[in-house]
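Residue numbers (the UniProt record's numbering): 1 to 292.
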C-alpha cells in the first residue's frame with residue numbers, strides 16, 4: 001500500500017536535498033581546484049587561469065613530490081605515529097571507559113568529574129612544553145603520542161556505549177570464571193565494533209592531521225611528520241628542497257603546483273580509507289540518538 005505524503009513533507013525533503021547538494025558542491029569545489037592546480041602548468045597558475053580543470057596538464061609536480069626523500073621520510077614518521085598512537089589511544093580508552101561504565105565502581109563520580117573538567121579547561125602551552133621537556137621526549141615521536149594518549153570526549157562516547165551492554169552477559173561470564181580483562185576483550189570490545197571503528201577513525205585522523213604538536217616538540221628535520229612538512233611547504237612557502245631535487249627536464253613545475261601536489265599526497269590516504277569504514281562510522285555516530 002502506497003502511503004500518501006503530505007505536501008509539507010515533500011517541500012521539506014526537496015529543500016533538504018537542495019541544501020545538502022549545495023553544501024556538498026561548496027565543499028568539493030576547493031578540493032577539485034587543488035587537484036586541477038596540481039596538474040597545471042606554471043604559466044597557467046601564474047596567470048590564474050586554473051579553475052576546476054587542469055590547464056597544461058602534466059605530471060611533473062607529482063614526480064617531484066614522489067622523488068623527494070623528505071616526503072617519504074615524513075610519511076614514514078606519520079604512519080608510525082598514526083599506528084602506534086591509535087593503538088595506544090584505543091587501549092587506554094577502552095580500559096578506562098569499561099570500569100567507569102559500572103555503577104558499582106567506588107569513586108566513579110569523582111573520576112568522571114575530573115574527566116569532564118579537562119573538557120572545559122585545557123593545559124596551557126608552556127606547562128605542556130615543560131612537562132614534555134622534563135620527560136626527555138623533545139625531538140622524539142613519543143612527544144606526538146603521549147600527550148594525546150587519551151581524549152576525554154572519545155572516552156565519554158565509549159563509556160556511554162558500554163553502559164548500553166546487558167549486564168547479564170558480564171554476570172554470566174563471572175560465573176564461568178572469566179576475569180575482568182577477559183570480559184573487556186572477549187565481550188565488551190566484540191559487541192562494540194561500531195564505536196570501536198568510530199573511535200579509531202577519530203584518533204587516527206587526529207594523529208594524521210596533527211602538526212601543531214610537531215611544531216612545538218620537533219626540531220629535527222628527519223623526525224618531521226607529513227603534516228609538519230606540508231606546513232613548511234604551504235604556510236612558509238618553502239619548496240626549495242623539491243626544486244633542488246627536480247630534474248632539468250621538469251620545466252612545468254612551479255612552487256604553487258608543488259604545494260598543491262603535496263596537499264593531495266597528504267590528503268589522499270584518508271580519502272581512500274574512509275569509504276571502507278563509513279558504515280561503521282555512521283553506526284557509531286548515531287549511538288545514543290535513539291532511546292528506548
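Where a beta carbon is used, it is the ideal one built from N, C-alpha and C, also for glycine.
Asked	Found
Beta-carbon proximity list for residue 54, same chain, < 6 Å, skipping 5 on both sides	36, 39 and 40
Within 7 Å, strictly: CB atoms of residue 158 and residue 110	no
Whole-Å CB distance - residue 184 paired with residue 95, under 8 Å assumed	7 Å
Contact check, residue 52 vs residue 32, beta carbons under 7 Å	yes
7 Å Cβ cutoff met for residue 211 and residue 227	yes
Residue 222, DSSP secondary structure in three states	helix
Closest residue to residue 160 among 182, 106 and 101 (Cα-Cα distance)	101
Distance CB(residue 97)-CB(residue 12) smaller than 7 Å	no
Option nearest residue 128 by Cα separation, candidates 120, 146, 81 and 191	146
Per-residue DSSP class, three states only, for residue 176	coil
Cβ-Cβ separation, residue 143 to residue 132 (assumed contact under 8 Å), whole Å	5 Å
Straight-line gap, residue 130 to residue 229 (C-alpha atoms, nearest Å)	24 Å
Coil, strand or helix - residue 122 by DSSP	coil
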